[in-house]
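Undergrad: Taken in order, these protein sequences are the chains called A and B.
Note that the numbering used here has the first sequence beginning at 1, numbered continuously upward.
Note that the numbering used here has the second sequence beginning at 228, numbered continuously upward.
Glycine included, each C-beta is placed from N, C-alpha and C at the ideal position.
There are 2 protein chains.
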Amino acid sequence: MHVKKVRVVRDVRDANHTIARANREDFDRAGVTVVNFMSAPGAGKTSLLERALERLELELAVAVLEGDVQGSLDADRLARFHVEVAQINTGDGFGGECHLDANMVRSALDSLSLEETDLLVVENVGNLVCPAEFRIGEDFRVMATSVTEGEDKPLKYPLMYRAADLVLINKIDLLPHLDFDLERFLRHLDDVHPGVPRMLVSARTGEGVDAWCDWLLRRVRREQEAA
Amino acid sequence: MHVKKVRVVRDVRDANHTIARANREDFDRAGVTVVNFMSAPGAGKTSLLERALERLELELAVAVLEGDVQGSLDADRLARFHVEVAQINTGDGFGGECHLDANMVRSALDSLSLEETDLLVVENVGNLVCPAEFRIGEDFRVMATSVTEGEDKPLKYPLMYRAADLVLINKIDLLPHLDFDLERFLRHLDDVHPGVPRMLVSARTGEGVDAWCDWLLRRVRREQEAA
């Protein structure tokens, strides 16, 4: 008799994959483009989002899903925009889940008006490991990385850099004050994800934010044309 | 009939707790003081450790256990010191475990000469969530936080800041170039962990590193006297 080995780990992933696919179908049906926005803690996701919303809220119907272990600090920062914001707290899990999964996102969908939304940005929990392992039904994955984090991060957290469809290299206004070798960082980035689109940005000065907005707008328009 | 509910989550923690206690007994028997060193990716743990080792390697027998999802970049950086270094890679787990647990640490103990070691520093995976949830048998938990990460981090990742016996506030050489409100950060820190010892440091300039070394030396001497 041949006994088939089933690994529990695989089941967890399969379950997530199934729910992510259901999310994706709902997103497609509603005609909403979904971005899973990820980074280490403090890389500047919320600041980059604020900068982008200053322009995007005039051109698109945007909604934001904030993922945090606890609290709603980031959601509160977005209150000044004309965007729908929902908050997921992962702190009820095992001492605080370190990532969003498809089911958490699914549980939040009822609180958003997907039919009236062009772009949904899901701001994931700040973490360079697990968020990259859980699809949530997104169309694109954008990651922010800060030049203050050092050149070695793509080699140390390769799955995250490999998962990204776009890498925003943030805080470039600090480059003159750091021993950060940008060329070396870019080589490491290409080592783990050759040719991945990347943009040099600064949420503080606004540099590069227009290019990011253009990237988002193009994705939304393309999805809408394909529908 | 009364049916007792048993939560799986609790079992995972209990198992870790049991192994952590076994580690702790081995550490105590060998007379080694163990520090669990944690932070977000890129906060400067390895740089702070390098700075400290420049002095500590002359005064103590130090060993380092490096925890990374993959690679041995940090361990390689320590090759210039007279310290024993072992590497744990968590990448064989579920797509890469985002933290060290007691069993991973236990599996590495055979590769260290604990009996000849005064201080063992365990550099955890860069992550502000899960490492704080898993004791590894350490005597003390030190966390590094960078002023580039923003003032809100204690409120967003309270478990980590609450777990720390010492908070190293790193990269203070960048303060003149940031919109970082140190007073506000310290208030948030005290909100989640009132009065926790904290030190302002810069791995780049060396500022504050002596105070950190003194703190470590005092802990080691105290443990040795108590033995």
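(1) Spatial neighbours of Ser202 (chain A) within its chain, please: CB distance less than 7 Å, with the 5 preceding and 5 following residues excluded, ordered by chain position.
(2) Would Val289 (chain B) pass as a contact of Val374 (chain B) if the rule is Cβ separation under 8 Å?
(3) Would you give the residue range spanned by the beta strand (DSSP E) that Val142 (chain A) belongs to?
(4) Would you mind stating whether Arg425 (chain B) and Glu378 (chain B) have Cβ atoms separated by less than 8 Å?
(5) Are Val332 (chain B) and Gly353 (chain B) closer than 8 Å when you measure CB to CB?
(6) Report the option in B:Phe367, B:Trp439 and B:Leu402 whose CA atom is closest to the CA atom of Asp255 (chain B).
(7) For Ala40 (chain A), return the contacting residues in chain B, with the cut-off set at a CB-CB distance below 8 Å.
(8) I want to verify the contact list: residues of chain B whose CB lies under 8 Å from the CB of Ser146 (chain A), in sequence order.
(9) Which term fits Pro158 (chain A), buried or exposed, when burial requires 16 or more other beta carbons within 10 angstroms of its beta carbon?
(10) For the beta strand (DSSP E) containing Phe37 (chain A), list its first residue and its last residue.
(11) Is the CB-CB distance between Val419 (chain B) and Leu382 (chain B) below 8 Å?
(12) In whole angstroms, what separates the C-alpha of Glu311 (chain B) from that of Ile19 (chain A)?
(13) Cutting at 6 Å between CB atoms, please list the residues of its own chain near Glu293 (chain B), excluding the five before and the five after it.
(14) Using the C-alpha atoms, what's the distance from Ala144 (chain A) back to Glu223 (chain A)?
(15) Could you check the C-alpha separation between Ala391 (chain B) and Val261 (chain B) for me, to the nearest Å?
(16) What do you get for Leu285 (chain B), buried or exposed, if any count of 16 or more other CB atoms within 10 angstroms of its CB means buried?
(17) Please name the residue in B:Asp241, B:Arg282, B:Asp253 and B:Ala267 whose C-alpha comes closest to that of Pro358 (chain B).
(18) Starting from Asn89 (chain A), follow the beta strand (DSSP E) in both directions and report where the run begins and ends.
(19) What residues from chain A crowd round Lys380 (chain B), counting only those whose CB sits closer than 9 Å?
(20) Flag this pair as yes or no: are the beta carbons of Val296 (chain B) and Thr317 (chain B) separated by less than 8 Å?
(21) Could you give the C-beta distance for Val259 (chain B) and Leu336 (chain B), rounded to a whole number, given that I count them as a contact under 8 Å?
(22) What does Lys398 (chain B) reach in chain C if we use C-beta pairs closer than 8 Å?
(23) Taking the runs of the beta strand (DSSP E) that are 3 residues or longer, which of them lie wholly in the stretch 187-222 of chain A?
(24) For Ala329 (chain B), I'd like the list of residues in its chain whose CB is within less than 7 Å of its CB, leaving aside the five on either flank, ordered along the chain.
(25) Please decide whether Val129 (chain A) counts as near chain B, where near means a Cβ-Cβ distance under 8 Å.
(26) Opposite Val167 (chain A) in the DSSP bridges: which residues?
(27) What are the residues in the stretch 287-303 of chain B lying within 9 Å of chain A by C-beta distance?
(28) When burial is assigned at 16 or more other CB atoms within 10 Å of the CB, is Arg307 (chain B) buried or exposed?
(29) What residue from B:Met387, B:Glu277, B:Cys325 and B:Leu287 has the CA that sits closest to Arg431 (chain B)'s CA?
(30) Alpha helix (DSSP H) containing Leu155 (chain A): first to last residue?
(31) If you measure from the beta carbon of Lys272 (chain B) to each beta carbon in chain A, is any gap under 8 Å?
TA: This is what the structure gives:
(1) The residue labelled residue 202 (chain A) in the question sits at position 202 within the first sequence. Taken in chain order, the residues that qualify are Asn170, Lys171, Ile172, Asp173 and Gly208.
(2) Residue mapping note: residue 289 (chain B) aligns to position 62 of the second sequence, counting from 1. Residue mapping note: residue 374 (chain B) aligns to position 147 of the second sequence, counting from 1. No. Outside cutoff.
(3) Within the first sequence, the letter at position 142 stands for residue 142 (chain A). Counting along the chain, the beta strand (DSSP E) containing Val142 (chain A) begins and ends at Phe140 to Ser146.
(4) By 1-based counting over the second sequence, the position of residue 425 (chain B) is 198. By 1-based counting over the second sequence, the position of residue 378 (chain B) is 151. In this structure, Glu378 (chain B) does not lie closer than 8 Å to Arg425 (chain B) by Cβ.
(5) Start at 1 with the first residue of the second sequence, and residue 332 (chain B) comes out as number 105. Start at 1 with the first residue of the second sequence, and residue 353 (chain B) comes out as number 126. Not closer than 8 Å, so no.
(6) For the purposes of this step, residue 255 (chain B) is taken as residue 28 along the second sequence, with counting starting at 1. Nearest option by C-alpha distance: B:Phe367.
(7) Taking the first residue of the first sequence as position 1, residue 40 (chain A) is located at position 40. Here the neighbours are Ala267, Pro268, Gly269 and Gly353.
(8) Working through the first sequence from its first residue, we reach residue 146 (chain A) at position 146. By Cβ distance, chain B contributes Gly269 and Thr375.
(9) Looking up residue 158 (chain A) in the first sequence gives position 158. It is buried - the Cβ of Pro158 (chain A) has at least 16 other Cβ atoms within 10 Å.
(10) Counting from 1 along the first sequence, the entry for residue 37 (chain A) is found at position 37. Start and end: Thr33 to Ser39.
(11) As a first step, residue 419 (chain B) must be located in the second sequence, where it is residue number 192. As a first step, residue 382 (chain B) must be located in the second sequence, where it is residue number 155. Their beta carbons are under 8 Å apart, which means Val419 (chain B) touches Leu382 (chain B) by this criterion.
(12) By 1-based counting over the second sequence, the position of residue 311 (chain B) is 84. By 1-based counting over the first sequence, the position of residue 19 (chain A) is 19. Going from the Cα of Glu311 (chain B) to the Cα of Ile19 (chain A) covers about 46 Å.
(13) Start at 1 with the first residue of the second sequence, and residue 293 (chain B) comes out as number 66. Taken in chain order, the residues that qualify are Asp301, Ala302, Gln314 and Glu350.
(14) In the first sequence, counting from the first residue as 1, residue 223 (chain A) sits at position 223. In the first sequence, counting from the first residue as 1, residue 144 (chain A) sits at position 144. Glu223 (chain A) and Ala144 (chain A): Cα-Cα distance of roughly 23 Å.
(15) Along the second sequence, one-based indexing puts residue 391 (chain B) at 164. Along the second sequence, one-based indexing puts residue 261 (chain B) at 34. About 14 Å.
(16) Working through the second sequence from its first residue, we reach residue 285 (chain B) at position 58. Per the 10 Å Cβ criterion, exposed.
(17) Working through the second sequence from its first residue, we reach residue 358 (chain B) at position 131. Closest by alpha carbon: B:Ala267.
(18) For the purposes of this step, residue 89 (chain A) is taken as residue 89 along the first sequence, with counting starting at 1. Counting along the chain, the beta strand (DSSP E) containing Asn89 (chain A) begins and ends at Glu84 to Asn89.
(19) Taking the second sequence and counting its residues from 1, the one referred to as residue 380 (chain B) is at position 153. The answer, in chain order, is Pro41, Gly42 and Gly126.
(20) For this step, residue 296 (chain B) is matched to residue 69 along the second sequence. For this step, residue 317 (chain B) is matched to residue 90 along the second sequence. Yes, they are a contact pair.
(21) By one-based count along the second sequence, residue 259 (chain B) stands at place 32. By one-based count along the second sequence, residue 336 (chain B) stands at place 109. So it is not a contact: roughly 10 Å between Cβ atoms.
(22) The structure shown has no chain C; the protein chains it does contain are A and B.
(23) 198-200
(24) Against the second sequence, residue 329 (chain B) aligns to sequence position 102. Hits under 7 Å: Asn243, Ile246, Ala247, Asn250, Phe361, Arg362, Ile363 and Gly364.
(25) Walking along the first sequence from the start, residue 129 (chain A) turns up at place 129. Output row for Val129 (chain A): interface = yes.
(26) For the purposes of this step, residue 167 (chain A) is taken as the residue at position 167 of the first sequence. Val167 (chain A) pairs with A:Met143 and A:Arg198.
(27) Asp295, Val296, Gln297, Gly298, Leu300 and Asp301
(28) If you number the second sequence from 1, residue 307 (chain B) lands on position 80. So Arg307 (chain B) counts as exposed.
(29) Within the second sequence, the letter at position 204 stands for residue 431 (chain B). Nearest C-alpha to Arg431 (chain B): B:Glu277.
(30) Counted from its first residue, the first sequence places residue 155 (chain A) at position 155. Residues Lys153 to Lys156.
(31) Translated into positions along the second sequence, residue 272 (chain B) becomes position 45. For Lys272 (chain B), the answer is no, since every Cβ of chain A falls outside 8 Å of its Cβ.
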